[in-house]
Structure formats: structure tokens, C-alpha cells
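Engineer:
There are 2 protein chains.
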Amino acid sequence: MAVYTDVAEGELGAFLKHYPVGDLLSYKGIAEGTENSNFLLHTSTGSYILTLYEKRVEKADLPFFLGLMGHLANKGVSCPLPVTAHDGSVIGTLAGRPAVIITFLEGLSLRRPTATHCAEVGKALAALHLAGADFSMTRPNALAIEGWRKLWTAARGRADEVEPGLAAEVDADFADFERNWPKGLPEGIIHADLFPDNVFFLGEKLSGLIDFYFACNDLYAYDVATCLNAWCFEKDFSFNLTKGKALLAGYQSVRPLSDQEKAALPILARGSALRFMLTRLYDWLTVPDGGLVMKRDPTEYIRRMRFHRAIKSASEYGLAEYGVS
Amino acid sequence: MAVYTDVAEGELGAFLKHYPVGDLLSYKGIAEGTENSNFLLHTSTGSYILTLYEKRVEKADLPFFLGLMGHLANKGVSCPLPVTAHDGSVIGTLAGRPAVIITFLEGLSLRRPTATHCAEVGKALAALHLAGADFSMTRPNALAIEGWRKLWTAARGRADEVEPGLAAEVDADFADFERNWPKGLPEGIIHADLFPDNVFFLGEKLSGLIDFYFACNDLYAYDVATCLNAWCFEKDFSFNLTKGKALLAGYQSVRPLSDQEKAALPILARGSALRFMLTRLYDWLTVPDGGLVMKRDPTEYIRRMRFHRAIKSASEYGLAEYGVS
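Chains as they are written, first to last, in our numbering: chain A, 1 to 325; chain B, 1 to 325.
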């Protein structure tokens, strides 16, 4: 939520000459993204986002992220399209940092999405999974079980400061996941962070998906489970079954889930809740207060972990025609 | 340089229904202004700036600032036009704060303005002075000598920490200004803060003047003197005579300065340099490091004060046909 790097008009003008974006009319540093510096540009051909990548983004992963956005946009997914420079490159250098121009998507991210919005998100997620199937690059999920384990090792000693009993609770989850984490489910490109912040709407119509910087190869159903966590819980941590139904029906209208995927949803949702709890917990315990990174409460995800632990069947998420086992 | 207040899409949408701006397409918090929270809005009718006034702005002064912008814009000055709500009001309430929508001006503020840009600024400043002449409201300059004295009283004790000898130097200036500050020169509405940050260009053409939150009634020539300080010094603190000439010729092509105004320029420029030195010094000594207010080096203006003290005649600023006294 900050512009880290300042860019002078002269150097930006020189940089833009390498791209087919027309003449620069204005640019404003925008309070978006915690990892990068972002600017909204107006040019004679439209609006663009200029991103300067700060050190928290792995530069080696940029070709994957940008290639994926280009691939998805060309397949009709409403996501930003990286602009290719006249010399064919996508990643340039500005203010000493890797810099990229992407098309600007109009739309609003919603604080209070409705079931109708959840259905749209489900459809868009499935469309993203299908569109990514023939993307040629791969990237392992750095925040799969092994990555969680690293965060947990760093945070475990102080976990009970945040919530008494948390250390034992999470240890038990890890033991369970190491035995029972699903194998052999359909996998491919997932967004991995499709929270309301990263989805734009114009009215009830989804107008864009953004922020592909966690995208990776992993189980499609894990991405669905993350969306259940991100979209279907109310502020009081209750699960909104209507939203769950809408999201899952939307997804399945584009890509039906197999019985194995359905059966795996509760453990995947629990793992996904643990993943977001762990990154929040880690930041909570290690990032100084008042810094540029906004610290978010890990306990919101402890509540979700507990909810999912009590789920007996994926039908409780609102899966249509899925029998209670 | 920060967004202080976050605004949810739902409350913004409800707020905008009161204004004739069309449908909201997107909004981004922008890193602009140190006093307020600013958002760049795209709507179906164009681009706008939404400003939420935080506590550093005197709310009682808002009708003056906004009325002035409306007055000037209607007289053809390229400045933001406050949008009037359907009920005739200009100042609304959003997120518990006074909130205003103004039209967005395209343009770039320049780090390295040329003499051509300085001529444009001179012309625009004079046009602003003429356009403001029949504005019906008045606002005293809170940062005239009395205001400087308050800042100095607060900062004087530690002034020599910043520059040895500064306390004695500034005391002598105050004594001089109290005897010799010009009286009876033409006065009216001045911008009072027309720095490169607050002027937009598209190529060599001036496209907009912004940030009227220091505007007040004072001597026109004082505003000219501030522009000499703001536009005509190089990074090494040398005065660029070509830029000075261009700025003054530009100004005089629209509003000629009287001989009394010309003769007063050196003391006005010295006073203006003291004014910016004092606000910077005050922040330097009182604002904690790492806060949201960017602290700027007061010594840049000590250098300007000294330059102006050595000026024998306003011709040294580049005034055409003005004899050395």
C-alpha cells in the first residue's frame, strides 16, 4: 500500500518511447500492492499500469507471471495484458528496477460481494484454469506444504502469543496433511490468491482478475478451496452457504469437479486456511509495526481452519448433488 | 505522499450518486499531497480527483479554496473545477471527512523545467492574478511575516543545529523586514505555492495549475518572487538568469510590474525564501523521522536567502529594461 520508488517525468518519458502506448498525459503513484511500486498512466491511447518490481518479488519469476498474463489475456481471460516494447521485450528497466507496463482494467474490488458476485468468481476461476492448461511455463507453488513448514518453523515458538494452543493445533494439522494431503487430482495453473482485492466488477459483471504474483502449478481444487475461504465467509467468520453454492455452481458450470476433487475440498480448504494464517502469523510476529507492509490478523484464518476441520462432507460447502458421505 | 483514509467501494458509490459524474469505473488512492487523502476516479464521464480533507487543512478555509478554484476555472484558468452536487453543495462528507470532487487535469509536473516552461509559468501566474481580481472572498496570508515569526519562535532555539549562525542571520532578516517590508504595492489573490509540483505541462504547453491550499490575499509581486525561488534556481543553488528573464517576461507580457513592484523584488524574494526555509526548518526539527510528512532540507532556502541578500537591483533577476540603481 505504498509507492516505494519515485519516478521523474523525464525518465518515464524516455522509458515510454520504447513502448507502443502513445504520448504520456499524466501519471500518479497509486497506493496498490505491498510488493511493488505502481503508477497509473494516462496516455494518448488509454490507461496503463506501470509496475516497478521491488526486492520482495523474485525477478526470476517475472517471465512466468508476465507470460501467463499475456497467455490468459490472449485466451479471453479479463486480466492485464503486458505491453511488449518495440524491441520485443516485456521487462524493461526504470529507476534501476525491472519495470513493466500492463493494460489498465476498469472495475471495482468489492468489500461486500454478494452470491451473484461469487458465482461470477467461480466461473472466472474455472475459465482461468482451462485457459492456463496449455501455458508452456511452470512454477512450483512456493506456498505449498513445504513452504508452510518453513513459515511454521519460524513462527511456531511464538504462535501461542497470538492464540493459546495454536502451536499444538497447527502441529496436528501438519501431521494430518502429511498423511492425507490429496494426490493425483487434476492440476495446472492456479491463481492462488484470488481474493476480493484481486477481482474487479462493474455492477454485477466481473471485469477483471489481477495480481498474478502467486500464480503457480498446483491442484485446481486447491484454488477453488482458496476462493471458498476468500469469498464465502462473513465478517463474523460464519460460512455463507448461499455464497458457497453460488461459487461452486459457477465454477462447475465451466469446469465440473470430479468426485475426487469434491471429496478433497474440506482438507484443501483447511490447508488453504492454514497457508493464509501462516503468512499472516509470520508477518504479525516479524514485521515491525508502522512499516509499509499492512499486517493482517492471523486469527481470522484460525477461525476458518476450525470451521473446515468440522466439515464432514463437501456438500456442507454448498456442492449441488453431492451426497453426504 | 500518502493515502491516509481508506474508502470502500460501496460508500464511494453511494457518495457519487449526489454528483453529476456518471458511473464509477475505478478508483485508486494516489500518492499525492501530504495534507489530504486523494483518489483518482475514472467514471463514465471522465477522470476526477476525490479529496478527503484530513486534519491539517483548516475546514473553515475550504469554501475559499474551492470557491476560488471554481472562479478561476470559470475565467479560463487551467485549474481543477470543483464539481457541484445535485443539491448545489460542493463540500460533501465521506468516511467522516469533508470530501470534494474536482475535475482531473492531464499533465506532468517537471523536475527540470526549461526557460520556455518558466515563461509559461510567468504568464499563467499573471493570468491567475488578473482572473482573481474580482473574486469576492478574501483570506489573509497565514504565512506572512506574523506567521513566520511564530514558526521562528518555535524553531529559533535549535536553528544553529541545522546551520551554525542561522539564528543571528534570521534575526537580522526579521529586523530588516519589520522596517523595510514594502507597503502599498498592488495586491489581490495569490497562489502562494506555485512550485513545479503544482504546475502541469504537456510538452512545452502549461496544462494546469493545482493545489490552491495556500492561496490567499497578498502582494502580487510576492507571488512572482516565490516563483523566482521555485523555478529559477538550479540544483547547485545558482540562479539561472535565463529562466529568471523568461519567467519575468512571461509575467509582464500579461500583467506588467510597476517600478515599485520591480524595486521590491529582492526583499520580497528574500522574505519568500525565509518563509519556505522556516516551514522546512520547523518540520525538520519537530516532525519525527519516518513519518508520513516528507521532510525537506531547509538549507536549500538558506542558500536562496543569501543569494537575494546580495542582490543590488531587480535587474539581476533578469528584468528587461530595468536600470541598475
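Even for Gly, the Cβ is constructed at its ideal location relative to N, Cα and C.
Please read all numbers here as calculations on a predicted model, not as lab measurements.
1) Confirm, please, whether the CB-CB distance from A:His117 to A:Glu178 is below 8 angstroms.
2) Please identify, using Cβ separations under 9 angstroms, the residues of the region 84-111 of chain B that lie next to chain A, in order along the chain.
3) Classify A:Ser26 as helix, strand or coil using the three-state DSSP reduction.
4) Measure from the C-beta of B:Ala14 to each C-beta in chain A and report whether the shortest distance is under 8 angstroms.
5) Is there a Cβ of chain A sitting closer than 8 angstroms to that of B:Leu50, yes or no?
6) State the start and end residues of the unbroken beta strand (DSSP E) segment that holds A:Asn38.
7) Please identify the residue among A:Gly29, A:Ala264, A:Leu247 and A:Ser272 whose C-alpha is closest to the C-alpha of A:Asn180.
8) List, in chain order, every chain C residue whose beta-carbon is nearer than 9 angstroms to that of B:Lys28.
9) If contacts are defined as beta-carbon pairs under 8 angstroms, then A:Ser109 and A:Phe200 qualify, I think. What distance do you get, rounded to the angstrom?
10) Would you say B:Val324 reaches chain A, if we count a Cβ-Cβ gap shorter than 8 angstroms as a contact?
11) Taking CB distances under 8 angstroms as the criterion, tell me whether A:Leu202 reaches chain B.
12) B:Val10 touches chain A at which residues, Cβ-Cβ below 7 angstroms?
13) Are three or more beta carbon pairs between the region 98-106 of chain A and the region 216-231 of chain A nearer than 8 angstroms?
14) In this structure, does DSSP put B:Asn240 in helix, strand or coil?
15) Does the beta carbon of B:Leu24 sit closer than 8 angstroms to a beta carbon anywhere in chain A?
16) Cutting at 7 angstroms between CB atoms, please list the residues of its own chain near B:Ala221, excluding the five before and the five after it.
17) According to DSSP, what are the bridge partners of B:Leu99?
18) Considering Cα atoms alone, identify which of A:Val21, A:Ser26 and A:Ala168 is closest to A:Val7.
19) Going by beta carbon distance, what residues of the same chain come within less than 8 angstroms of B:Tyr282, once the five residues before and after it are set aside?
20) Whole beta strand (DSSP E) runs in the region 120-171 of chain A with 3 or more residues, listed along the chain?
21) Should the region 133-147 of chain A be regarded as contacting the region 64-74 of chain A, the criterion being three or more beta carbon pairs within less than 8 angstroms?
22) Report yes or no: do the region 167-178 of chain B and the region 236-247 of chain B share at least 3 C-beta pairs separated by less than 8 angstroms?
23) In chain order, what residues of the same chain have a beta carbon less than 6 angstroms from the beta carbon of B:Trp284, not counting five sequence neighbours either side?
24) Helix, strand or coil: how does DSSP classify A:Val199 here?
25) Distance check for A:Arg306 and B:Leu40, CA to CA, integer angstroms please.
26) Is it the case that the Cβ atoms of A:Ala192 and A:Asp218 are separated by a distance below 8 angstroms?
27) Anyone know if the C-beta pair for A:Tyr301 and A:Ala273 falls short of 8 angstroms?
28) Give the straight-line distance between the Cα atoms of B:Thr103 and B:His18, rounded to the nearest whole angstrom.
29) Report the residue from B:Phe174, B:Pro20, B:Glu120 and B:Ile30 whose alpha carbon sits nearest the alpha carbon of B:Arg149.
30) Determine, using beta carbons only, whether B:Arg303 and B:Phe237 come nearer to each other than 8 angstroms.
31) Please say whether B:Leu143 and B:Arg275 have beta carbons closer to each other than 8 angstroms?
32) Would you list the one or two residues that DSSP bridges to A:Leu108?
33) Would you grab the beta carbon distance between A:Ser78 and A:Ser207 for me? Rounded to a whole angstrom, and I think it's under 8 angstroms.
34) What did DSSP end up calling A:Asp193 once you bin it into helix, strand or coil?
Structural biologist: Judging by the given coordinates:
1) Walking along the first sequence from the start, residue 178 of chain A turns up at place 178. Walking along the first sequence from the start, residue 117 of chain A turns up at place 117. Going by C-beta atoms, A:Glu178 is not nearer than 8 angstroms to A:His117.
2) Phe104, Leu105, Glu106, Gly107, Leu108, Ser109, Leu110 and Arg111
3) By 1-based counting over the first sequence, the position of residue 26 of chain A is 26. Strand, per DSSP.
4) As a first step, residue 14 of chain B is located in the second sequence; it is residue number 14 there, counting from the start. No - not a single Cβ of chain A is within 8 angstroms of the one on B:Ala14.
5) Residue mapping note: residue 50 of chain B aligns to position 50 of the second sequence, counting from 1. Answer no: the Cβ-Cβ gap between B:Leu50 and chain A never drops below 8 angstroms.
6) Residue 38 of chain A sits at position 38 when you count from the first residue of the first sequence. Start and end: Asn36 to Thr43.
7) Numbered from 1 along the first sequence, position 180 holds the residue referred to as residue 180 of chain A. Of the listed residues, the one whose Cα sits closest to A:Asn180 is A:Ala264.
8) Any reference to chain C falls outside this structure, whose protein chains are A and B.
9) Here the question's residue 109 of chain A lines up with position 109 in the first sequence. Here the question's residue 200 of chain A lines up with position 200 in the first sequence. At roughly 6 angstroms, the Cβ-Cβ gap stays under 8 angstroms, so A:Ser109 and A:Phe200 are in contact.
10) Mapped onto the second sequence, residue 324 of chain B falls at position 324. With a pLDDT of 46 at B:Val324, under the threshold of 50, the modelled position of that residue is not reliable, and the figure given next carries that caveat. It does not; no Cβ of chain A falls within 8 angstroms.
11) Taking the first sequence and counting its residues from 1, the one referred to as residue 202 of chain A is at position 202. Output row for A:Leu202: interface = yes.
12) Stepping through the second sequence from its first residue, residue 10 of chain B is reached at position 10. It should be pointed out that residue 10 of chain B corresponds to Gly in this sequence rather than to Val. Ordered by position in chain A, the residues that pass the 7 angstroms Cβ test against B:Gly10 are Arg111 and Arg112.
13) Fewer than three Cβ pairs drawn from the region 98-106 of chain A and the region 216-231 of chain A lie within less than 8 angstroms of each other, which leaves the two stretches out of contact.
14) As a position in the second sequence, residue 240 of chain B is number 240, starting the count at 1. Looking at B:Asn240 - three-state DSSP - the assignment turns out to be coil, as it is neither helix nor strand.
15) Translated into positions along the second sequence, residue 24 of chain B becomes position 24. Closer than 8 angstroms to the CB of B:Leu24 there is at least one CB belonging to chain A.
16) Along the second sequence, read from residue 1 onward, the residue named residue 221 of chain B stands at position 221. Contacts found: Leu185, Leu257, Glu261, Ala264, Leu265 and Leu268.
17) Sequence index remark: in the second sequence, residue 99 of chain B carries index 99 (1-based). Note on identity: in this sequence residue 99 of chain B is Ala, with Leu being the wrong assignment. B:Ala99 pairs with B:Leu52 and B:Gly92.
18) Reading the first sequence from its first residue, position 7 is the one you call residue 7 of chain A. Ranking A:Val21, A:Ser26 and A:Ala168 by Cα distance to A:Val7 puts A:Ser26 first.
19) Taking the first residue of the second sequence as position 1, residue 282 of chain B is located at position 282. Closer than 8 angstroms at the Cβ level, and outside the excluded window around B:Tyr282, lie Leu151, Ala154 and Ala155.
20) The region 120-171 of chain A contains no whole beta strand (DSSP E) run of 3 or more residues.
21) yes
22) Using a C-beta cut-off of 8 angstroms, the region 167-178 of chain B makes no contact with the region 236-247 of chain B, since fewer than three inter-stretch Cβ pairs fall below that distance.
23) Residue mapping note: residue 284 of chain B aligns to position 284 of the second sequence, counting from 1. Cβ neighbours of B:Trp284 beyond the five flanking positions: Lys295 and Pro298.
24) As a first step, residue 199 of chain A is located in the first sequence; it is residue number 199 there, counting from the start. Residue state, collapsed to three classes: strand.
25) Working through the second sequence from its first residue, we reach residue 40 of chain B at position 40. Working through the first sequence from its first residue, we reach residue 306 of chain A at position 306. Taking the straight line from one Cα to the other gives about 40 angstroms.
26) On the first sequence, residue 192 of chain A is found 192 positions in, with the first residue counted as 1. On the first sequence, residue 218 of chain A is found 218 positions in, with the first residue counted as 1. Yes, the Cβ-Cβ distance between A:Ala192 and A:Asp218 is below 8 angstroms.
27) As a position in the first sequence, residue 301 of chain A is number 301, starting the count at 1. As a position in the first sequence, residue 273 of chain A is number 273, starting the count at 1. Yes, the Cβ-Cβ distance between A:Tyr301 and A:Ala273 is below 8 angstroms.
28) As a working note, residue 103 of chain B is residue 103 in the second sequence. As a working note, residue 18 of chain B is residue 18 in the second sequence. Rounded to the nearest angstrom, the two C-alpha atoms are 15 angstroms apart.
29) For the purposes of this step, residue 149 of chain B is identified with residue 149 of the second sequence, where counting begins at 1. Of B:Phe174, B:Pro20, B:Glu120 and B:Ile30, the residue nearest in Cα terms is B:Phe174.
30) Here the question's residue 303 of chain B lines up with position 303 in the second sequence. Here the question's residue 237 of chain B lines up with position 237 in the second sequence. Yes; because the gap between Cβ atoms is below 8 angstroms, this pair is in contact.
31) Counting from 1 along the second sequence, the entry for residue 275 of chain B is found at position 275. Counting from 1 along the second sequence, the entry for residue 143 of chain B is found at position 143. Yes; because the gap between Cβ atoms is below 8 angstroms, this pair is in contact.
32) The sequence position of residue 108 of chain A within the first sequence is 108, counting from 1. According to DSSP, A:Leu108 bridges with A:Phe201.
33) Locating residue 78 of chain A in the first sequence gives position 78, where the first residue counts as 1. Locating residue 207 of chain A in the first sequence gives position 207, where the first residue counts as 1. At roughly 6 angstroms, the Cβ-Cβ gap stays under 8 angstroms, so A:Ser78 and A:Ser207 are in contact.
34) Looking up residue 193 of chain A in the first sequence gives position 193. The answer is coil: DSSP assigns A:Asp193 none of H, G, I, E or B.
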